[in-house]
Each structure stands twice: as C-alpha cells, then as structure tokens.
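Undergrad: Chains as they are written, first to last, in this note's numbering: chain A, 339 to 733; chain B, 51 to 270.
For every residue, glycine included, the Cβ atom is placed at its ideal position computed from N, Cα and C.
Take this structure first; my questions come after.
Below you can see the structure in the form of structure tokens.
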C-alpha cells in the first residue's frame, strides 16, 4: 500500500513542524525561567498540534537552518545539544535531545495520518514534561552571567555521546509509527556535573580522534579557541574546578568590580556583564547560541568584529549603562564585516566625544604664525587665569 | 474491556504528599487533555489550543508541567488536599492510595440518573508517610523525592507514547460520553479521583468512602 501524494506531503509537513516545535520546547525550557502559556479554547485549530508553544524567532531560524529543507531521515537525526559555559569560555555538554527516524521499523498499515498528527501532539507533551526533570533543567534555572550560562546547538547528525562524560543516562521518551518509519525521541544526559582534569583529558583525546574531520563538532575547535583566548587573558582557573578561583581575573573587568562594590549585584539579577568568547567559524556562529532571558530586561549585543572571535556581551543595560564595557580581540588578516563596522560605531558612541582637531595639516609657516599669535596673546591668558584665581567663588 | 492500570509507590513526608500526587496526576492529565472541540457541522470540528504552565514545588525539588487551566487545577487540588488531609489526620496510619481513573459512559444508559461508567485507564499512587528527626535529613529527602518523581514522570511519558487504547473521537452528540465538557478552557477525558486511607480501624475508611460516594451523587 503506497501513500498518496497528498498523504506523503502531509506526513512530511507534520514531521517538519514536529521537529520545529520540539526544538522550541527543549530550548525554551532551558531559558532559566518558568513558562506559562494560556489555553485558547476558541482557537480554530490554527496552532500546530493544538498546543500553545511560542516560537522564538532565533530558535526557529536555527532549527530551519539545521534542517536545511530536508526532513529527518534515517541516519540523520535532528539533535539539540544543551551545554553549559562558564564566563571563562569553558564548556560542558549537558544533554543531547535526539529526534530520529528508524526506517526499518515502519508500519505500512498505519495509514491514518491524522492519528500520526495526534501522536505528535502527545509526544510534544511528553517532551515538555520530561524537559523539566533532567538535571540540566535545574542548572538552567540557576544560570547567571556570574556563574555559567546555558547554550544550545542544533544539528543534523548522530550525537557524540562521549561528550556527556562517564555514567551518562540515555532514555527513550517516545516513538510514533508512521508509514515512512518510526519517529523516535530520546535524550542522553550527563549525570556527573564535575569533571576532574584527568577525565577531561581523556575525553578530549577521544573526541579529537572521533571528530577530527567533523566540521560540526565543537569540542576540538573549542580547545583551539581556548588557546586563542588564553593569549588574551591572564591566568585562569582550570575548567569547572571551582567558581571561586574566578576572582583573580576580575580586576581585568573594571565594570564588574565596581558593580559589586556598589552592591548592585544580586543573585540571578543578571546585572553583571560577561564576555563570552567563541570561535568565529561561520558554522559556529550560526549554530550555537546563548540561551538568554529574551523576554526579560537583559539584552544581548552580538558583534562580529574584525577578528576571528565573536564577542557577545550579556548585560542588563538598565543597570550597567554607564559601566558598559566590552572587549575586542584583534587578529591579523581578518576582514571587517558589516557587524564589525556596527561595533566600531557602537563603541564610538559609547566613548566620550573626540577632541576637535584641524581638518587639514597646517604648513610650517602657518604653525609659526599661530605660535606668534598665541605668544602675543599670552598676557591676556595670564590675566584670565589670574582672574580665576582671585575670584571669590573659586573653591 | 479491562482498564489499564498503573501503580506508583511513594514514600514522602506529610507536607510533600499534596505536591507529589499533584505532579503525577497533573502530568497524566496534561497528556489526557485536549483543546476544546468546536463543531461546525456534524463530523467536522476544530480543536482549541492547550496552554501549559511550569509549576515549582515548595517542598520537593521538582518542577512539573500542567495544563494552564485554573479550573482543572482547582478540581484536582480539591481532591488531592482532602486525601492528604485524611492521610495526615490523627486517625490515619499514614498509608493510603489515591487513583485517577479515566472512564467513558455507555451510550444506551445515558438517560438514566447515573449512566454506566467504564474505566479504561487507572493511575494509582500509593502514599506512605514518613517523618524526619532533623532538618538535614528533611533537606536531603527533598531532593530525593524530586529524583523519585522524575523517574515516575519518565515512565508516564513512556506509557503515554505506547500505542494503547484510547477512546475513539466521538461525534458531537456523544462528546459527553468520552470527554468532560464542563471546563471552559480545556477538554480532558472523563476522569474521577478516588482515594482510600488505611486507618487503624477500617470503619473510618468505609465512612470516608461512603461520604465521598454520597457527595459525588449529590454533585451530579
């Protein structure tokens, strides 16, 4: 029994939107805040899967980009990777959510496409429930620029579970039988949240081997990237060792220190800016994003400068307005993109206005003339200064 | 047809009982709730949208998801708190069970006072209360219960996505036989909550069940 063209079209459409909504559910659950969307009883079935799942435009764009117009096929699962990143740029993958299609397990008798649609709605509900109970949920609720932030990455390939460290757990959330195969959602998550240096080394060496030619993999590149940022920073603590040793680098960040001293800083208030230095590989910039509190006051400024690094500064502009600071890494041979120009412009606006200077270079004769003129006016200046000093208002 | 039955055992502190049961029942109900059906012509209908809400527990290290329906929450909360009150009461031995039962009504008896209800899925939570000597133990257990419930929620998700029996989508005239249409914002499958407490004397248990039965009959 073959599916009609319309049925195939519908099935592909449902699968696509299921993938898009799944990514939204997962990533929104890691924003660090409670979510509540209202019921809309009078809605005429216009919401996908009859569920009120908001669409964050950035997540939508990233998922579409990862899908690249394809539908999920066997061997190319859609993967949403959630990772934790410290202000120093250290990263730890927390979990991989994976939507796979098992083409060998298909049920050609299951021709009821509306039923597949209903099942997808059910699986999305399960996904919502399950995203709240993996360890990364609690971590994401406690995230803050001072301690760590949660990032995501969406890609189409089998996840490398070695990133998740020893003792990771893998669970199947659910599956849907369709005529083209069984759609299966699973999650693998880290259980050990601290990594000793030896473990890191071991994992790293394995990752280099398995992902050596893999352009999408981030681990190896991150190691390289760390080296780059090492050059630009003073000594840093080891990865995930203890948040306290961060302190020694804080004098480098004048805004931060001042904020702390002023007592503006509060737990989870996002009032402290951090820089987040990433690799500038074009894939990387678009594929990996910072989960940030978009709905609330903190805003994010992303800039691709004329360098090979992306700098993103997260701050609460309301409270940090004056202490706003940013850091630019410069690299040779890098071209300046439009974002770079924008950043330059932004920086100029932030700085105090430059001094007025002559538009053209004066000739030596003109300079001599000017000197003579000023010298001749010297008594006037002296008198002026004298008058200031003698003024009774002077204090 | 026999109803599917799922059983969860929980050992919690008295003040955790409400939230522990609510997290399980709300997760189940979230899966068993549709948007409101809007019929245009017979056989054709559109479905409203279900919103969702994160709920942080006060006494358990857990966040769960439920339907954004204050009415549904109210109904469930009322049932759970009367169970919890009795469970924690002086007459109680600290053990009891509460069930969330999904049922459908038989069409041919619908004109009778109480139509025949056929359960098709029953979720039972057996609760055993325990007490702690100090705050340290209590804090540790707060996390522990969170982990236990997380496991339960994983299994609920797994069970929900099996291709098991669900009542067929009814026609407009038979909607009330499958769904509870009394809620303004959502449309859950018909469900009821029952509970029993195993007290030191069986009398109180029977009494409470009888009281509940009478209450239910009157409310119909």
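Out of A/528, A/415, A/487 and A/463, state which residue places its alpha-carbon closest to the alpha-carbon of residue 520 of chain A.
TA: As a first step, residue 520 of chain A is located in the first chain; it is residue number 182 there, counting from the start. Ranking A/528, A/415, A/487 and A/463 by Cα distance to residue 520 of chain A puts A/415 first.
Undergrad: Nearest-angstrom Cα distance between residue 246 of chain B and residue 148 of chain B?
TA: For this step, residue 246 of chain B is matched to residue 196 along the second chain. For this step, residue 148 of chain B is matched to residue 98 along the second chain. Their Cα atoms are separated by approximately 6 Å.
Undergrad: What is the rounded straight-line gap between the Cα of residue 548 of chain A and the Cα of residue 82 of chain B?
TA: Start at 1 with the first residue of the first chain, and residue 548 of chain A comes out as number 210. Start at 1 with the first residue of the second chain, and residue 82 of chain B comes out as number 32. Its pLDDT being 40, under 50, residue 548 of chain A is placed unreliably in this model, and the value from its coordinates should be taken loosely. Residue 548 of chain A and residue 82 of chain B: Cα-Cα distance of roughly 43 Å.
Undergrad: Answer yes or no: does any C-beta atom of chain A fall closer than 8 Å to that of residue 113 of chain B?
TA: Against the second chain, residue 113 of chain B aligns to sequence position 63. Yes, residue 113 of chain B lies at the interface with chain A (some Cβ there is under 8 Å from its Cβ).
Undergrad: Could you check the C-alpha separation between residue 441 of chain A and residue 429 of chain A for me, to the nearest Å?
TA: If you number the first chain from 1, residue 441 of chain A lands on position 103. If you number the first chain from 1, residue 429 of chain A lands on position 91. Approximately 34 Å, taken between the alpha carbons.
Undergrad: Measure the CB-CB distance between residue 419 of chain A and residue 528 of chain A and report whether it falls below 8 Å.
TA: As a working mapping, residue 419 of chain A is identified with position 81 in the first chain. As a working mapping, residue 528 of chain A is identified with position 190 in the first chain. No, Cβ-Cβ distance for residue 419 of chain A and residue 528 of chain A is not below 8 Å.
Undergrad: Would you decide whether residue 76 of chain B is buried or exposed? Buried here means 16 or more other CB atoms lie within 10 Å of its CB.
TA: Translated into positions along the second chain, residue 76 of chain B becomes position 26. Burial call: buried.
Undergrad: Taking residue 385 of chain A as the query, report the chain B residues whose CB atoms sit under 7 Å from its CB, ordered along the chain.
TA: The residue labelled residue 385 of chain A in the question sits at position 47 within the first chain. Scanning chain B for C-beta atoms nearer than 7 Å to the C-beta of residue 385 of chain A yields 99, reported in chain order.
Undergrad: I'd like the span of the alpha helix (DSSP H) that includes residue 52 of chain B, first residue to last.
TA: Here residue 52 of chain B refers to the residue found at position 2 when the second chain is read from its first residue. Counting along the chain, residue 52 of chain B falls outside any alpha helix (DSSP H), and DSSP gives it neither H nor E.
Undergrad: Kindly list, in the order they appear in chain B, the residues whose Cβ is closer than 7 Å to that of residue 466 of chain A.
TA: As a first step, residue 466 of chain A is located in the first chain; it is residue number 128 there, counting from the start. Residue 466 of chain A reaches chain B at 102 and 115, counting residues in chain order whose Cβ is nearer than 7 Å.
Undergrad: Would residue 148 of chain B count as contacting chain A if we go by Cβ distances under 8 Å?
TA: For the purposes of this step, residue 148 of chain B is taken as residue 98 along the second chain, with counting starting at 1. Not closer than 8 Å to any Cβ of chain A, the Cβ of residue 148 of chain B fails to qualify, so no.
Undergrad: Residues of chain B with CB closer than 8 Å to the CB of residue 388 of chain A, please, in chain order.
TA: Translated into the one-based positions of the first chain, residue 388 of chain A becomes position 50. By Cβ distance, chain B contributes 84, 85, 97, 98, 99 and 100.
Undergrad: Shorter than 8 Å from the beta carbon of residue 482 of chain A to some beta carbon of chain B?
TA: For this step, residue 482 of chain A is matched to residue 144 along the first chain. For residue 482 of chain A, the answer is no, since every Cβ of chain B falls outside 8 Å of its Cβ.
Undergrad: Is any beta-carbon of chain B found at less than 8 Å from that of residue 415 of chain A?
TA: In the first chain, counting from the first residue as 1, residue 415 of chain A sits at position 77. No, residue 415 of chain A lies away from the interface with chain B (no Cβ there is under 8 Å from its Cβ).
Undergrad: What does residue 374 of chain A touch in chain B if you count any residue whose Cβ is under 8 Å from its own?
TA: In the first chain, residue 374 of chain A corresponds to position 36, counting from 1. Within 8 Å Cβ-Cβ: 101, 102, 103, 104 and 118.
Undergrad: So residue 516 of chain A and residue 454 of chain A are in contact, right, with Cβ under 8 Å, and what is the actual spacing, rounded?
TA: For the purposes of this step, residue 516 of chain A is taken as residue 178 along the first chain, with counting starting at 1. For the purposes of this step, residue 454 of chain A is taken as residue 116 along the first chain, with counting starting at 1. Right, the Cβ-Cβ distance comes to about 5 Å (below 8 Å), so this counts as a contact.
Undergrad: Could you work out which residues of chain B lie near residue 513 of chain A, taking near to mean beta carbons separated by less than 7 Å?
TA: The residue labelled residue 513 of chain A in the question sits at position 175 within the first chain. Neighbours of residue 513 of chain A on chain B, chain order: 211.
Undergrad: With DSSP as the reference, label residue 192 of chain B as helix, strand or coil.
TA: If you number the second chain from 1, residue 192 of chain B lands on position 142. Correct three-state label for residue 192 of chain B: helix.
Undergrad: Along the alpha helix (DSSP H) that carries residue 720 of chain A, what are the first and last residues, could you check?
TA: On the first chain, residue 720 of chain A is found 382 positions in, with the first residue counted as 1. 716–728 is the span of the alpha helix (DSSP H), which, as asked, contains residue 720 of chain A.
Undergrad: For the candidate residues B/177, B/233, B/208 and B/218, whose alpha-carbon lies nearest to that of residue 514 of chain A?
TA: Here residue 514 of chain A is taken as the residue at index 176 of the first chain, counted from 1. When each option's Cα is compared against that of residue 514 of chain A, the closest is B/208.
Undergrad: Using a Cβ-Cβ cut-off of less than 9 Å, list which residues of the stretch 418–439 of chain A approach chain B; keep chain order.
TA: Of all residues in the stretch 418–439 of chain A, none places a beta-carbon less than 9 Å from a beta-carbon of chain B.
Undergrad: So residue 423 of chain A is in the beta strand (DSSP E); what residue range does that whole segment cover?
TA: Residue 423 of chain A sits at position 85 when you count from the first residue of the first chain. Its beta strand (DSSP E) spans residues 416–423.
Undergrad: Quick check on the DSSP output: the beta strand (DSSP E) that includes residue 430 of chain A runs from which residue to which?
TA: Start at 1 with the first residue of the first chain, and residue 430 of chain A comes out as number 92. Here the beta strand (DSSP E) through residue 430 of chain A covers 429–440.
Undergrad: What residue range is occupied by the uninterrupted beta strand (DSSP E) comprising residue 154 of chain B?
TA: For the purposes of this step, residue 154 of chain B is taken as residue 104 along the second chain, with counting starting at 1. Here the beta strand (DSSP E) through residue 154 of chain B covers 145–155.
Undergrad: Please list, in chain order, the chain A residues whose beta carbon lies closer than 7 Å to that of residue 207 of chain B.
TA: As a position in the second chain, residue 207 of chain B is number 157, starting the count at 1. The answer, in chain order, is 464, 467, 468, 511 and 512.
Undergrad: Is there a Cβ of chain A sitting closer than 8 Å to that of residue 234 of chain B, yes or no?
TA: Reading the second chain from its first residue, position 184 is the one you call residue 234 of chain B. Chain A contact via Cβ: present.
Undergrad: Less than 8 Å between the CB atoms is what I'm expecting for residue 236 of chain B and residue 119 of chain B, so what's the real figure, rounded?
TA: As a working mapping, residue 236 of chain B is identified with position 186 in the second chain. As a working mapping, residue 119 of chain B is identified with position 69 in the second chain. Correct: roughly 5 Å between the Cβ atoms.
Undergrad: Using only the alpha-carbon positions, how far apart do residue 59 of chain B and residue 74 of chain B sit?
TA: Stepping through the second chain from its first residue, residue 59 of chain B is reached at position 9. Stepping through the second chain from its first residue, residue 74 of chain B is reached at position 24. In a straight line, the C-alpha of residue 59 of chain B is about 11 Å away from that of residue 74 of chain B.
Undergrad: Please name the residue in B/121, B/138 and B/130 whose C-alpha comes closest to that of residue 248 of chain B.
TA: As a working note, residue 248 of chain B is residue 198 in the second chain. When each option's Cα is compared against that of residue 248 of chain B, the closest is B/138.
Undergrad: Residue 494 of chain A: which of A/705, A/729 and A/439 sits nearest, CA to CA?
TA: As a working note, residue 494 of chain A is residue 156 in the first chain. Selected option, being the one with the closest Cα: A/439.
Undergrad: Take the Cβ of residue 553 of chain A as the centre, count every other Cβ of all protein chains shown within 10 Å, and call the residue buried at 16 or more, exposed below.
TA: Walking along the first chain from the start, residue 553 of chain A turns up at place 215. The pLDDT assigned to residue 553 of chain A is 46, lower than 50, so where the model puts this residue is not dependable, and the model offers no usable value.
Undergrad: Compute the beta-carbon to beta-carbon distance between residue 69 of chain B and residue 111 of chain B, rounded to the nearest angstrom, for a pair I have assumed lies under 8 Å.
TA: The sequence position of residue 69 of chain B within the second chain is 19, counting from 1. The sequence position of residue 111 of chain B within the second chain is 61, counting from 1. Going by Cβ atoms, the distance from residue 69 of chain B to residue 111 of chain B rounds to 11 Å, so no, they are not a contact pair.
Undergrad: For residue 392 of chain A, which residues in chain B fall below 9 Å Cβ to Cβ?
TA: Translated into the one-based positions of the first chain, residue 392 of chain A becomes position 54. Listed along the chain, the chain B residues whose CB falls inside 9 Å of the CB of residue 392 of chain A amount to none; the nearest CB is some 10 Å away.
Undergrad: Would you kindly check if the distance between the Cβ of residue 230 of chain B and the Cβ of residue 217 of chain B is under 8 Å?
TA: The residue given as residue 217 of chain B occupies position 167 in the second chain. The residue given as residue 230 of chain B occupies position 180 in the second chain. No, these two residues do not count as a Cβ contact at 8 Å.
Undergrad: Can you check DSSP and say which residues form a bridge with residue 171 of chain B?
TA: For this step, residue 171 of chain B is matched to residue 121 along the second chain. DSSP lists B/54 and B/152 as partners of residue 171 of chain B.
Undergrad: Near residue 113 of chain B, which residues of its chain fall below 6 Å by C-beta distance, leaving aside the five closest residues on each side in sequence?
TA: Position 63 of the second chain, counting from 1, holds the residue named residue 113 of chain B. Closer than 6 Å at the Cβ level, and outside the excluded window around residue 113 of chain B, lie 104 and 106.
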